[in-house]
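If you read the protein sequences in the order shown, they are chains A and B.
The numbering used here puts the first residue of the first sequence at 1, with every later residue one more than the last.
The numbering used here puts the first residue of the second sequence at 1001, with every later residue one more than the last.
All C-beta atoms in this analysis are idealised placements derived from N, C-alpha and C, irrespective of residue type, glycine included.
Below you'll find the structure, written out as structure tokens, and then a few comments.
Number of protein chains: 2
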Amino acid sequence: MARADRFLNALAGKPVDTTPIWIMRQAGRYLPEYRATRAKAGDFLTLCKTPELACEVTLQPIDRLGVDAAILFSDILIPIEKMGVPLAFPEEGPRLQPVRDEAGIAALRVPDADAEMPFVMDAVRLIRRALDGRVPLIGFAGAPFTLLTYVVEGQTGKQFTETKRLLFTAPRAAHALLQKLTDTVVNYLAAQIRAGAQVVQLFDSWVGQLAPDDFRVFAAPYVRTIIERLKPLGAPVIYFANDGGSLLADAAGLGADALGVDWRTPIDEARAKTGDDVTLQGNLDPCLLFAPIPQIEQRAADVLRRGGGKRHIFNLGHGILPPTPPAHAEALVEIVHRIGSELHRIK
Amino acid sequence: MARADRFLNALAGKPVDTTPIWIMRQAGRYLPEYRATRAKAGDFLTLCKTPELACEVTLQPIDRLGVDAAILFSDILIPIEKMGVPLAFPEEGPRLQPVRDEAGIAALRVPDADAEMPFVMDAVRLIRRALDGRVPLIGFAGAPFTLLTYVVEGQTGKQFTETKRLLFTAPRAAHALLQKLTDTVVNYLAAQIRAGAQVVQLFDSWVGQLAPDDFRVFAAPYVRTIIERLKPLGAPVIYFANDGGSLLADAAGLGADALGVDWRTPIDEARAKTGDDVTLQGNLDPCLLFAPIPQIEQRAADVLRRGGGKRHIFNLGHGILPPTPPAHAEALVEIVHRIGSELHRIK
């Protein structure tokens, strides 16, 4: 089987020769070549908005690591800026002009992705051409609830006080914002798919802050809508509800082809909650890549065993961290492919 | 039944007239009288270390809210300073001189709580006298893993990179530190109990960062040891593994009389994981106290229903937040007692 097919087959529940693997943030600061391109770009937003540079960093890990998918280099906040929320990326992390009231929400626009974010679609086209069929390309967006937290908090939330104040005291305004974010994400991901993204992932990085009852009101319906509206385009959708152990049973009913699972919930326990009709993606603790390679092998083997070679895509349970030795990421891919191929031979 | 007995009876699995309630951080910044005492103290550490002031703020919410337990006002990092780690509390949160290597860990001391933290035991004695039997007094400490994160990160962790680097690359040093923290906590809680604390709670605020396999190695054994070593003193122990939905089944086997449950895991789901031999404490999302009172009532009723009046102590799923209107906290206590008494009458 061609390396090119593993990831898509695992998403579709078709047979694979070994467990496919890609790594969240695989194009990132742990790679010296990424840091060089980043320095060349000057700042992070310029890197995101320059198709040649975004293409360059997207490609860097593909052959070095031997992963089975590429993921567009970008940031989930790019479309937020185009909705009318000024955005900057100082050292401390993203900073936005927070929007917290009905008037501010009413003033936000749903941007036309092709017209207003052409640099993203250009990057997608360049990457597809450069990949030349080696592996599929994943496009992505933030999920509506997670995007809402940035719009409302104006930064990465800590206790998400402003977010929840909006949800619990002004639910109508919250739903208006979630609906605009949903429309934006649908338009944005559809444009990525038309430009060549073969799969899309929805990152719900902060949805684990919600109790299941609130997830059902403020997150799940919007994710379901996005998946339904993208369905005619034919690209599989992966939904990653980070820190969402309590949300997995609900998440399984939203129509996604795959669910990301963070490292807190063992894959076999996740499987018990989701049933068999969805692919699971995850979930080694990213910090285990600091450990010596034999220990990485032992823990990766455990994740593979729990995955049972059954609709499983290997990944970390969260993004790879800057202090990770690149050789350890390379070793992980080799380990997963080796043990995964034994697992699939046995079946 | 006297208000004084509810909380202890619920911990012991004995009948109660209504569901007892207390609120994590009930003595805190949401109360204007707390802010006044805090201003009088000048800084946070002085407030913690002045028995009369610590007593004053501990007592403030008791009659105002009508809660069924008092909790010592202090901070989990107090004993860490006495272990030899310089500590400050600027506006941004706690700052410590981080300790990350074997030599630094070997240099840490296990303080004698009575001799080196007499202000804590004095506060406990003052509070017991001032409470005069109205409600029981809870003492507390951080659990070893959570304390380790502060020692190693030097502050409140974000991605806990340094913590996990220690666990995964220098496990011997990590265990040496966890053992010293365990000895410190046992000595510290035993002193609190001898001074008059009738119950103690172990706060494992960051243990939810661990996958279950790592919880079993780096957290659970130390919590079990603390509980075993305190058992002869006769004070019930509550263990709160924050964001620990995946850890609840394991946590139930550690010998605690009660487990705190954060707001992410509904109490009935937590119960299914823990079995019936432990009291559960929680778990309304603290941000729901921003909502209008009818909505608080609806959600509190749902928590009570899921608790089933069966070994349940009501609490928030995390500490009460500074922007909370005090009237909403008062309303919550009234709601829980009212609905809880119907629940217990029906049974």
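Tell me, which residues are paired with B:Leu1087 by DSSP?
Numbered from its first residue, the second sequence carries residue 1087 of chain B at position 87. The partner list for B:Leu1087 (beta bridge, DSSP) reads B:Leu1096.
Taking the beta strand (DSSP E) that A:Gly139 falls in, what are its first and last residues?
Position 139 of the first sequence, counting from 1, holds the residue named residue 139 of chain A. Element bounds for A:Gly139: 137–142.
Simplified DSSP state of B:Lys1318, which is helix, strand or coil
As a working mapping, residue 1318 of chain B is identified with position 318 in the second sequence. With the sequence shown as reference, residue 1318 of chain B is identified as His, and Lys is not the correct amino acid for it. Three-state result, B:His1318: coil.
For the putative contact between B:Leu1167 and B:Phe1218, defined by C-beta atoms under 8 angstroms, what is the C-beta separation to the nearest angstrom?
Mapped onto the second sequence, residue 1167 of chain B falls at position 167. Mapped onto the second sequence, residue 1218 of chain B falls at position 218. Indeed, because the Cβ distance is near 6 angstroms, the residues count as touching under 8 angstroms.
Starting from A:Gly245, find everything on chain B with Cβ-Cβ shorter than 7 angstroms and list it in chain order.
Counted from its first residue, the first sequence places residue 245 of chain A at position 245. What A:Gly245 touches in chain B: Gly1245, Ser1246.
With three or more beta-carbon pairs closer than 8 angstroms as the criterion, would you say the segment 315–325 of chain A touches the segment 1150–1170 of chain B?
yes
Strictly under 9 angstroms for the Cβ-Cβ distance: is B:Trp1263 near chain A by that measure?
Mapped onto the second sequence, residue 1263 of chain B falls at position 263. It does; some Cβ of chain A falls within 9 angstroms.
Quick check on the DSSP output: what are the complete alpha helix (DSSP H) runs of length 4 or more inside the segment 153–184 of chain A, in order along the chain?
161–169
CB of B:Val1124 to nearest heavy atom of the ligand ATP: below 8 angstroms?
The ligand content of the structure shown is nil, which means the ligand ATP is not present either.
Under a CB-based cut-off of 9 angstroms, is B:Phe1044 close to chain A?
Taking the first residue of the second sequence as position 1, residue 1044 of chain B is located at position 44. Not one chain A Cβ lies under 9 angstroms of B:Phe1044.
Nearest to A:Ala12 (by Cα), restricted to the options A:Pro212, A:Arg128, A:Ala235:
By 1-based counting over the first sequence, the position of residue 12 of chain A is 12. For A:Ala12, the nearest C-alpha among the options comes from A:Ala235.
Neighbour flag for B:Pro1266 against chain A, beta carbons, 9 angstroms
Taking the first residue of the second sequence as 1, we reach residue 1266 of chain B at position 266. Closer than 9 angstroms to some Cβ of chain A, the Cβ of B:Pro1266 qualifies, so yes.
For B:Pro1323, return the contacting residues in chain A, with the cut-off set at a CB-CB distance below 8 angstroms.
Numbered from 1 along the second sequence, position 323 holds the residue referred to as residue 1323 of chain B. Neighbours of B:Pro1323 on chain A, chain order: Thr161, Arg165.
Hey, would you say B:Leu1059 sits closer than 9 angstroms to B:Ala1041, going by beta carbons?
Taking the second sequence and counting its residues from 1, one reaches residue 1059 of chain B at position 59. Taking the second sequence and counting its residues from 1, one reaches residue 1041 of chain B at position 41. Not a contact, by the Cβ cut-off of 9 angstroms.
Can you find a CB in chain B that lies within less than 9 angstroms of the CB of A:Asp112?
The sequence position of residue 112 of chain A within the first sequence is 112, counting from 1. A:Asp112 does not count as touching chain B.
Determine the direct distance from the alpha carbon of B:Ile1267 to that of B:His1067, and round the result to whole angstroms.
On the second sequence, residue 1067 of chain B is found 67 positions in, with the first residue counted as 1. On the second sequence, residue 1267 of chain B is found 267 positions in, with the first residue counted as 1. In the sequence as displayed, the identity of residue 1067 of chain B is Val instead of His. For B:Val1067 and B:Ile1267, the distance between alpha carbons rounds to 20 angstroms.
Top-ranked residue by Cα proximity to A:Gly275, from A:Asn283, A:Ala256, A:Arg264:
As a first step, residue 275 of chain A is located in the first sequence; it is residue number 275 there, counting from the start. Of the listed residues, the one whose Cα sits closest to A:Gly275 is A:Ala256.
Taking the beta strand (DSSP E) that A:Tyr239 falls in, what are its first and last residues?
As a first step, residue 239 of chain A is located in the first sequence; it is residue number 239 there, counting from the start. Run containing A:Tyr239: 237–241, per the beta strand (DSSP E) assignment.
Validate contact between the segment 326–345 of chain A and the segment 1019–1033 of chain B using beta carbons, cut 8 angstroms, 3 pairs:
no
Chain B beta carbons: is any one of them nearer than 9 angstroms to that of A:Ala195?
As a first step, residue 195 of chain A must be located in the first sequence, where it is residue number 195. No, A:Ala195 does not count as interfacial toward chain B.
What span of residues does the beta strand (DSSP E) with B:Leu1259 cover, start to end?
Taking the second sequence and counting its residues from 1, one reaches residue 1259 of chain B at position 259. Counting along the chain, the beta strand (DSSP E) containing B:Leu1259 begins and ends at 1258–1260.
Measuring alpha carbon to alpha carbon, tell me which residue in A:Asp101, A:Arg229, A:Asn242, A:Arg305 is nearest A:Ala173.
Counted from its first residue, the first sequence places residue 173 of chain A at position 173. Answer by Cα proximity: A:Asp101.
Closest residue to B:Met1117 among B:Asn1242, B:Val1199, B:Tyr1188 (Cα-Cα distance):
Residue numbering aside, residue 1117 of chain B sits at position 117 when the second sequence is read from its first letter. Of the candidates B:Asn1242, B:Val1199, B:Tyr1188, the one whose C-alpha sits nearest the C-alpha of B:Met1117 is B:Tyr1188.
Would you say the segment 1218–1230 of chain B touches the segment 1284–1297 of chain B, given that touching needs at least three Cβ pairs under 8 angstroms?
no
When the Cα of B:Val1151 is compared with those of B:Arg1095, B:His1328, B:His1337, B:Arg1264, which residue comes out closest?
As a working mapping, residue 1151 of chain B is identified with position 151 in the second sequence. For the residues B:Arg1095, B:His1328, B:His1337, B:Arg1264, the minimum Cα distance to B:Val1151 belongs to B:Arg1095.
Would A:Glu33 count as contacting chain B if we go by Cβ distances under 9 angstroms?
As a first step, residue 33 of chain A must be located in the first sequence, where it is residue number 33. Closer than 9 angstroms: no.
Quick check on this structure: which residue in B:Asp1075, B:Asp1043, B:Arg1109 has the alpha carbon closest to the alpha carbon of B:Ser1205?
Locating residue 1205 of chain B in the second sequence gives position 205, counting from the first residue. Selected option, being the one with the closest Cα: B:Asp1075.
Host beta strand (DSSP E) of A:Gly282 (start-end)
For this step, residue 282 of chain A is matched to residue 282 along the first sequence. Run containing A:Gly282: 279–284, per the beta strand (DSSP E) assignment.
Proximity winner among B:Thr1225, B:Thr1046, B:Asn1315, relative to B:Leu1259 (alpha-carbon distances):
The count along the second sequence starts at 1 and reaches residue 1259 of chain B at position 259. Out of B:Thr1225, B:Thr1046, B:Asn1315, B:Asn1315 has the C-alpha closest to the C-alpha of B:Leu1259.
So, using beta-carbon positions, are A:Gly139 and B:Gly1245 closer together than 9 angstroms?
Taking the first residue of the first sequence as 1, we reach residue 139 of chain A at position 139. Taking the first residue of the second sequence as 1, we reach residue 1245 of chain B at position 245. Their beta carbons are not under 9 angstroms apart, which means A:Gly139 does not touch B:Gly1245 by this criterion.
Under 9 angstroms between C-beta atoms, does A:Glu269 make it to chain B?
Translated into positions along the first sequence, residue 269 of chain A becomes position 269. By this cut-off, A:Glu269 is an interface position.
Please tell me whether A:Gln295 has its Cβ less than 9 angstroms away from any Cβ of chain B.
Walking along the first sequence from the start, residue 295 of chain A turns up at place 295. For A:Gln295, the answer is yes, since a Cβ of chain B falls inside 9 angstroms of its Cβ.
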